[in-house]
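In what follows, a single structure is set out as structure tokens and then discussed.
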Amino acid sequence: MRFKELEDALEQLVLQIKSANLSNTSSVRTEEFMDLINSSPYLITIHDVEFYRPIGINDAMRLFYGFQKNWLTGMDYLYYLQTIHTSTYHSLLNSLTFFRKDKPSYLNLDYKLLHHSKEFKLVIGTSKTIIRTENGKPKFAITVAKESSEKGSTSKLDLINQLTSREKEIAQLLIDGVSKKEIAGRLFISTSTVQTHSKTIYKKLKINKISELISLGDTFSFQLMNNNQEESDLHKFDPFDFR
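Going by this note's numbering, the letters in the sequence shown line up with residues -18 to 224, in that order.
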């Protein structure tokens, strides 16, 4: 399993944070917290998921990027966005969806990140909420990542991105429990057309059962092209908002 090592490393890091009594919102932006994540050999980023922004990187990540500081402020946010290759911008969108839905599992993604050598490197990372607000909403998350020598087999996210907007719309309706006949009526198409789309969806996603489709829908949004909520959330990331 490609991400098992990273998931284990993330869990170990969470235990260390708790043991050091740093698992609260007031402790994250401290040198003690930074010292702890600097002890890890992995590439680590701290995210403020409430405001959709990275706020800190450990020394390993800082050296990878060629940044001068561990804590990100001001224009650093804009530079950070520029380190992400446009072909993996969808990772930002799906991160927003993942944390807004408050998933308890890991978010495992492939990235292309700009190395300090000015060459894009393949990186795999796993993310998870580690600290919540007083009302229980996700506040801070951590990504643990490492360079990857080669891209793994096509990820589920890549497969989902191969769906057309109509296929995503039908997939979401199937996940919501709407019958093929009802879908046909809503979309003003024939039931046979819905059945054809359904077969195509299953084939593209390399799945065989509705339970597998529901599982995918639980993690990813099938309506990225039909639902403006994710785009609206992405616009909340303002690199000139210095909170």
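We treat Cβ as the ideally placed atom computed from N, Cα and C, and that holds for glycine.
- A Cβ-Cβ separation of about 6 Å places residue 72 in contact with residue 92 under the 8 Å criterion.
- For residue 123, the three-state secondary structure derived from DSSP is strand.
- Looking at the backbone, the Cα of residue 6 and that of residue 21 are separated by about 21 Å.
- Counting along the chain, the unbroken alpha helix (DSSP H) around residue 16 starts and ends at 12 to 19.
- Taking the C-beta atoms as reference points, residue 23 is found nearer than 7 Å to residue -10.
- Excluding its 5 nearest sequence neighbours in each direction, residue 112 has C-beta neighbours in its own chain below 7 Å: 4, 5, 6, 9, 120 and 121, listed in chain order.
- Contact between residue -13 and residue 105 is confirmed by a C-beta separation of about 7 Å, below the 8 Å threshold.
- With 16 or more other CB atoms across the displayed protein chains lying within 10 angstroms of its CB, residue 42 is buried.
- For residue 29, there is no enclosing alpha helix (DSSP H); the residue is part of the beta strand (DSSP E) that begins and ends at 24 to 29.
- Secondary structure note for residue 111: it is in no alpha helix (DSSP H), and the uninterrupted beta strand (DSSP E) holding it is 101 to 113.
- Residue 175 sits close to residue 164, with the two beta carbons spaced by under 7 Å.
- Residue 117 is bridged by DSSP to nothing; it lacks a bridge partner.
- When 148, 194 and 30 are compared, the shortest CA-CA separation from residue 168 is found for 148.
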